[in-house]
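Residue numbers (this note's numbering): 5 to 339. Note that the Cβ used here is the ideal one computed from N, Cα and C, for glycine as well. Here the structure is laid out as structure tokens; the discussion comes afterwards.
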Ligand SMILES: [Zn+2]
């Protein structure tokens, strides 16, 4: 069962960097390089530029950590080089219209996103700069506090802390520019601030249900309701510790992914759930070891008597709707 699907998060650009490759067309041990995505029937992939905040050269297989600006440039070079190398089968997108055009031409859409708004460094003009660079979504924090606000945490006090004044203003400006606000990795307080200050639907690009897996990266039932009421979508993450109740269990199982899908639907309705695999950013023992096995996920949803209409929404239309409502192409970034 090959389904056209949209995946809101992968870290394949980071893997490309770590393997010192100019493009991510063909990578060793990748879960979502272009060859595999094409084989999988992927309709649109969000490629995250991950910005480590603490020095973690290991992440990129480097001896020294380059400046964040340099790192971003390296990843964006890889992104654009990859599109050039695959122009017959993939194309850039920063809007719903462009994605539809790419689909009509039989091309996979490549969206550029940023994981960790740290690189914005508290300056509105940087948001504009990144939008012009092609960025269509920003994951406001990673696992440290930054100019936007507080990250998720086991510490209850920190978890209640929210966005900074800059963060609140920035959410509004992102709405205006047409960049999707992503609350994955954010604190609970930050989540509620985004819900209050965002006028547009927002996403938790790669987060699951906390009721089924206690990881602080996941959403509580109340947050799922709020997200759904705002027209937002959460993307099912394939990381074992975000899927399983037992945090020691390193198995990423298809049945558990579908449990989370069903829980999202039960709490927030059939419009609030999509896909955010986190391919190339996760570890464990996988039933879906790369994107070419995505059919296992769709088949299991089918087996559970979820209708084709709803499966299509989960795979594609829910996220497509948020792209339509919350993302706008920068006039300066017309490719
Ligand atoms: Zn992440």
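Does the beta-carbon of residue i, which I'm using as the reference point, lie nearer than 8 Å to any heavy atom of ligand 1?
i, result
"residue 52", "yes"
"residue 285", "yes"
"residue 16", "no"
"residue 143", "yes"
"residue 146", "yes"
"residue 197", "no"
"residue 282", "yes"
"residue 24", "no"
"residue 293", "no"
"residue 210", "yes"
"residue 157", "no"
"residue 188", "yes"
"residue 252", "no"
"residue 119", "yes"
State the CB to CB distance for the pair residue i and residue j, rounded to an integer number of angstroms; the pair is presumed to be in contact (CB under 8 Å).
i, j, result
"residue 112", "residue 42", "6 Å"
"residue 209", "residue 141", "7 Å"
"residue 242", "residue 221", "Their Cβ separation, rounded to whole angstroms, is 13 Å, which puts residue 242 and residue 221 out of contact at 8 Å."
"residue 194", "residue 187", "7 Å"
"residue 232", "residue 173", "That belief does not hold up - the Cβ atoms of residue 232 and residue 173 are roughly 26 Å apart, past 8 Å."
"residue 119", "residue 146", "6 Å"
"residue 27", "residue 39", "About 11 Å separates the two Cβ atoms, so there is no contact after all."
"residue 131", "residue 53", "At roughly 14 Å, the Cβ-Cβ gap does not stay under 8 Å, so residue 131 and residue 53 are not in contact."
"residue 207", "residue 235", "About 10 Å; that fails the 8 Å criterion."
"residue 35", "residue 294", "4 Å"
"residue 331", "residue 184", "5 Å"
"residue 300", "residue 292", "6 Å"
Using a Cβ-Cβ cut-off of 6 Å (strictly less than) and excluding sequence neighbours within five positions of residue i, which residues of its own chain qualify?
i, result
"residue 11", "49, 279 and 281"
"residue 290", "256"
"residue 319", "7 and 9"
"residue 95", "106 and 111"
Less than 7 Å between C-beta atoms, sequence neighbours within five positions excluded: which residues of the same chain meet that for residue i?
i, result
"residue 23", "31 and 32"
"residue 250", "none"
"residue 199", "230 and 234"
"residue 273", "232"
"residue 155", "145, 146, 147, 148, 149, 189, 190 and 191"
Excluding sequence positions up to five away, which residues of its chain have a Cβ less than 8 Å from the Cβ of residue i?
i, result
"residue 315", "7, 302, 305 and 306"
"residue 78", "21 and 70"
"residue 223", "195, 208, 211, 212, 213, 214, 231 and 238"
| Whole beta strand (DSSP E) runs in the segment 23-62 with 3 or more residues, listed along the chain? | Counting only runs of 3 or more, we get 46-54.
| field | Length at least 3, wholly inside the segment 169-255: the beta strand (DSSP E) runs in chain order | value | With a minimum length of 3 residues, the unbroken runs of beta strand (DSSP E) contained wholly in the segment 169-255 fall at 184-186 and 237-240.
| Continuous beta strand (DSSP E) assignments of at least 3 residues falling wholly in the segment 72-105 | Taking 3 residues as the minimum length, the beta strand (DSSP E) runs contained wholly in the segment 72-105 are 94-96, in order along the chain.
| query | Taking only runs of the alpha helix (DSSP H) that begin and end inside the segment 259-325, which ones reach a length of at least 4 residues, in chain order? | reply | For the alpha helix (DSSP H) assignment, the uninterrupted runs of no fewer than 4 residues enclosed by the segment 259-325 are, from N- to C-terminal side, 299-307 and 312-316.
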